[in-house]
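> Just passing along the structure, written as structure tokens.
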Amino acid sequence: MLILAVESSCDETAVAVEEDGRRVLADKIASQADMHAVYGGVVPEIASRKHVEVISQLAEA
């Protein structure tokens, strides 16, 4: 069975495809750290919009 795993933190979005929950076939991570650095920390509204923007792109990659 293939599993699509999705994870997000305050400034990162990640997806992985796993086989039987034991072997990672692919994984991608999008970080927002550089974007938020100019503000001195994570800006929640910007972070949430970026998560929405990149999640589909990561899953398709």
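Each residue of the sequence shown is one higher than the last, beginning at 972 in this note's numbering. Here a beta-carbon is modelled for each residue, glycine too, at the ideal position from N, C-alpha and C. Keep in mind it's a predicted model, so treat the numbers as computed, not measured.
1. Roughly how many angstroms lie between the CA atoms of residue 983 and residue 995, to the nearest whole one?
2. Could you tell me which residues DSSP pairs with residue 942 in its beta bridges?
3. Give the single residue among 1023, 980, 1002 and 975 whose Cα lies nearest to the Cα of residue 991.
4. Using the rule of at least 16 other Cβ atoms within 10 Å of the residue's Cβ for burial, across every protein chain shown, is residue 1009 buried or exposed?
5. From residue 1029 to residue 1011, what distance separates their C-alpha atoms?
In brief:
1. 19 Å
2. In this structure the chain extends from 972 to 1032, so residue 942 is not present and cannot be described.
3. 975
4. exposed
5. 26 Å
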